[in-house]
């Protein structure tokens, strides 16, 4: 019996030695001694274990260029102003180019037309709307009427300039006592001499009808009507120019 008890005690003693050996080794571990001395926040000496540390992400920083402010707004405004200036300059250059091209094409015709008026011997004083001053420069009278938006008078002067050009070409003669139908008859007789002149009478007839409706019939006149008359006068001038000897 005593021998059996001694055996049990020896086993218990060995078990105690086995259990206490790691603890003794842990207590004598130099690394743990350092950790216990330094007491870092991530080590728990009482539990001999790691501590969980809550990490906080750093807040993002914005650069000066990312911050909204009056400088960035001023930069955007300046950019838009530059774009607007570039577009305006482009449109202006296109306008100048178109105007120059139109001027190059229109100036010879206008110069010839004014020269024809200057050389004309037509007496426009007989016309019901002409005064002494306007009769001397019908082109200026037309320009004045258009500038003043007096479309009825502009129609009258455009018609008068039809007669001036035909008078200068020798197709008819403007004089006192001659009616509009008389001018049409004179032009028809002159145009009948050549087949190439066949387009002239209809042009004068359109001008006569427009003038009579507006001046005597008191029909309303507008810018479109004047432009239509002037287009007919341009065609009349071009047709008469073909009749001139080269």
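Numbering (our numbering), first residue to last: 1 to 246. Backbone N, C-alpha and C define an ideal beta-carbon position, used for all residues, glycine too. All figures in this text were calculated on a predicted structure; none of them were measured in a lab.
Rounded to a whole number of angstroms, what is the C-alpha to C-alpha distance between residue i and residue j?
{"i": "residue 201", "j": "residue 175", "result": "19 Å"}
{"i": "residue 204", "j": "residue 239", "result": "12 Å"}
{"i": "residue 180", "j": "residue 207", "result": "10 Å"}
{"i": "residue 135", "j": "residue 165", "result": "14 Å"}
{"i": "residue 119", "j": "residue 169", "result": "Interpretation of residue 119 is limited by its pLDDT of 47, a score under 50 that renders its predicted location unreliable; no figure is taken from the coordinates."}
{"i": "residue 186", "j": "residue 171", "result": "7 Å"}
{"i": "residue 86", "j": "residue 74", "result": "18 Å"}
{"i": "residue 151", "j": "residue 159", "result": "12 Å"}
{"i": "residue 155", "j": "residue 84", "result": "42 Å"}
{"i": "residue 248", "j": "residue 178", "result": "Nothing can be reported for residue 248, as the shown portion of the chain is limited to 1 through 246."}
{"i": "residue 227", "j": "residue 142", "result": "12 Å"}
{"i": "residue 242", "j": "residue 183", "result": "21 Å"}
{"i": "residue 190", "j": "residue 88", "result": "53 Å"}
{"i": "residue 173", "j": "residue 225", "result": "26 Å"}
{"i": "residue 124", "j": "residue 193", "result": "27 Å"}
{"i": "residue 188", "j": "residue 209", "result": "16 Å"}
{"i": "residue 127", "j": "residue 144", "result": "18 Å"}
{"i": "residue 33", "j": "residue 46", "result": "12 Å"}
{"i": "residue 52", "j": "residue 37", "result": "19 Å"}
Buried or exposed for residue i, going by 16 or more other Cβ atoms inside 10 Å?
{"i": "residue 138", "result": "buried"}
{"i": "residue 232", "result": "buried"}
{"i": "residue 218", "result": "exposed"}
{"i": "residue 211", "result": "buried"}
{"i": "residue 91", "result": "exposed"}
{"i": "residue 157", "result": "buried"}
{"i": "residue 96", "result": "exposed"}
{"i": "residue 167", "result": "buried"}
{"i": "residue 81", "result": "exposed"}
{"i": "residue 93", "result": "exposed"}
{"i": "residue 77", "result": "exposed"}
At a Cβ threshold of 8 Å, is residue i touching chain D?
{"i": "residue 80", "result": "In summary, chain D is missing from the structure at hand, where a single protein chain is found."}
First and last residue of the alpha helix (DSSP H) that includes residue i?
{"i": "residue 153", "result": "151-169"}
{"i": "residue 244", "result": "No alpha helix (DSSP H) contains residue 244, which DSSP labels as neither H nor E."}
{"i": "residue 208", "result": "200-211"}
{"i": "residue 182", "result": "180-191"}
{"i": "residue 139", "result": "138-147"}
If you compare alpha carbons, which of the options is closest to residue i?
{"i": "residue 220", "options": "149, 196, 237", "result": "149"}
{"i": "residue 235", "options": "222, 223, 214, 198", "result": "198"}
{"i": "residue 161", "options": "80, 229, 79, 194", "result": "229"}
{"i": "residue 244", "options": "81, 52, 213, 196", "result": "196"}
{"i": "residue 223", "options": "163, 193, 146, 237", "result": "146"}
{"i": "residue 215", "options": "153, 193, 76, 77", "result": "153"}
{"i": "residue 237", "options": "188, 163, 213, 124", "result": "163"}
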